[in-house]
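Take 3 as the starting number for the sequence shown in this note's numbering and just add one per residue.
First up is the structure itself, then whatever we jot down about it.
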Amino acid sequence: DPVLSERASPLSFYGPKRRTPPPLTVEQLPAVDAVLISHNHYDHLDRRTVRQLARRFPQAEFIVPLGLKRWFRRYRLKAHELDWWQSLPLGELTVYATPARHWSMRTLWDRNRSLWCGWVIHHPALRFYFSGDSGYSERLAEIGQRLGPFDVAALPIGAYAPRWFMQEQHMDPQQSVALYRELNQPRAIPIHWGVFELADESLDEPPQQLNLALSEAGLEQHQFLPLKIGERIALQDAQQALSLRPAVQRKE
3 DPVLSERASP LSFYGPKRRT PPPLTVEQLP AVDAVLISHN HYDHLDRRTV
53 RQLARRFPQA EFIVPLGLKR WFRRYRLKAH ELDWWQSLPL GELTVYATPA
103 RHWSMRTLWD RNRSLWCGWV IHHPALRFYF SGDSGYSERL AEIGQRLGPF
153 DVAALPIGAY APRWFMQEQH MDPQQSVALY RELNQPRAIP IHWGVFELAD
203 ESLDEPPQQL NLALSEAGLE QHQFLPLKIG ERIALQDAQQ ALSLRPAVQR
253 KE
């Protein structure tokens with residue numbers, strides 16, 4: 003879900019504005035083979051960034067949830083469209099679209115006309131889960147049962163307040179920790195916080211609440227890798243860098 007623009011909005015002068023600068027430009031990116039989009043909200047699907055990526059990396063594959071292909075076709079961009087649980091092979095990788103509890107809309111006339119999803123990437127040496135935007139559901143544990151165990155999971159912790167309004171669409175840190183445990187505690191990266199003010203909590207509250215949730219669950223704070231925007235870690239080095247637990251036995 004690359005978004006490098008100043009606003010998460012259809013308008014350049016109005017809408018949620020970045021509070022944290024992007025760590026790099028499209029021109030500074032290394033080679034890109036594929037771009038995964040979880041849904042069509044403006045803080046996840048940015049037209050300007052997508053078109054820049056397509057120009058710089060014309061061979062890159064865009065992989066999107068069901069119903070979103072027509073948006074890419076409008077800009078003469080090719081995209082692969084997947085329903086939940088469908089997969090697409092990409093060389094040594096296999097990409098799976100996974101369920102999420104969310105919604106979609108870019109205009110007043112297209113609410114829920116395209117699907118939303120998370121993504122699982124299988125490589126012979128590593129399994130990675132990206133939840134996308136999602137409210138909490140016990141059914142999300144099925145993703146781990148069917149496609150895990152995961153080595154690394156990117157789980158959302160922000161845009162959760164007030165709960166009466168946000169709970170159906172965004173997890174709070176406590177729920178993210180609950181899902182983390184249900185996924186058999188992979189190495190975890192907290193996402194969906196610190197860039198756009200999308201809810202009532204402050205930008206720096208989610209990691210504070212995450213640390214509290216981990217403590218309440220009897221877990222160490224380093225079990226969620228506290229990457230700041232712009233920091234990076236090679237996924238093949240994540241196990242050594244975090245040293246959380248032995249490698250799990252994979253099920254075939």
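No residue lacks a Cβ here, since even glycine has one placed at the ideal position from N, Cα and C.
Please read these numbers as outputs of a predicted model, since none were measured by experiment.
Quick check on residue i: buried or exposed, where buried means 16 or more other Cβ atoms within 10 Å of its Cβ?
i	result
residue 23	exposed
residue 16	exposed
residue 155	buried
residue 209	buried
residue 77	exposed
residue 164	exposed
residue 89	exposed
residue 134	buried
Hey, how far is the Cα of residue i from the Cα of residue j?
i	j	result
residue 147	residue 34	30 Å
residue 57	residue 125	27 Å
residue 87	residue 129	15 Å
residue 172	residue 220	23 Å
residue 245	residue 192	With a pLDDT of 41 at residue 245, under the threshold of 50, the modelled position of that residue is not reliable, and the figure given next carries that caveat. Whole-angstrom Cα-Cα distance: 17 Å.
residue 278	residue 222	Nothing can be reported for residue 278: it is not among the residues displayed for the chain, which extend from 3 to 254.
residue 8	residue 37	20 Å
residue 176	residue 54	36 Å
residue 106	residue 216	30 Å
residue 28	residue 179	32 Å
residue 159	residue 49	25 Å
residue 152	residue 131	7 Å
residue 79	residue 64	8 Å
residue 75	residue 39	15 Å
residue 174	residue 14	29 Å
residue 114	residue 218	36 Å
residue 167	residue 181	20 Å
residue 188	residue 111	39 Å
residue 95	residue 225	26 Å
Spatial neighbours of residue i within its chain, please: CB distance less than 6 Å, with the 5 preceding and 5 following residues excluded, ordered by chain position.
i	result
residue 198	10, 18, 45
residue 248	The predicted position of residue 248 is uncertain, since its pLDDT is 32 and thus under 50; no value can be drawn from it.
residue 4	51
residue 2	Here the chain comprises residues numbered 3 to 254, so residue 2 is not present and cannot be evaluated.
residue 196	22, 205
residue 6	24, 51
residue 231	22, 25
With a threshold of 8 Å on Cβ separation, who are the neighbours of residue i within its own chain once the five nearest residues in sequence on each side are excluded?
i	result
residue 108	12, 42, 43, 44, 47, 73
residue 169	137, 138, 162
residue 186	146, 150, 151, 152, 250
What residues in its chain sit with their C-beta under 7 Å from that of residue i, if we drop five residues either side in the sequence?
i	result
residue 200	18, 45, 161
residue 91	none
residue 190	155, 157, 182, 225, 226, 227
- Message: For the structure I just gave you, are there three or more beta carbon pairs, one from the segment 28–45 and one from the segment 117–137, closer than 8 Å?
- Response: Output reads yes: the segment 117–137 touches the segment 28–45.
- Task: Quick one: which unbroken beta strand (DSSP E) runs of 3-plus residues sit fully inside the segment 120–183? Chain order, please.
- Result: For the segment 120–183, the continuous beta strand (DSSP E) assignments of 3+ residues that do not extend past its boundaries occur at 120–125, 128–132, 154–158, in sequence order.
- Query: How do the segment 204–218 and the segment 136–143 stand: do at least 3 beta-carbon pairs fall below 8 Å, yes or no?
  - Reply: Contact between the segment 204–218 and the segment 136–143 is absent, because fewer than three Cβ pairs lie under 8 Å.
- Can we say the segment 58–71 touches the segment 88–99, given the rule of at least three CB pairs closer than 8 Å? Yes: at least three Cβ pairs fall under 8 Å.
- Message: Contact between the segment 119–134 and the segment 144–164 is defined here as three or more beta-carbon pairs at a separation below 8 Å; is this criterion met?
- Response: Result yes; three or more Cβ-Cβ pairs closer than 8 Å.
- Item | Entirely enclosed alpha helix (DSSP H) segments - the segment 200–239, minimum 4 residues | Within the segment 200–239, the alpha helix (DSSP H) runs of at least 4 residues that lie entirely inside it are, in chain order, 207–218.
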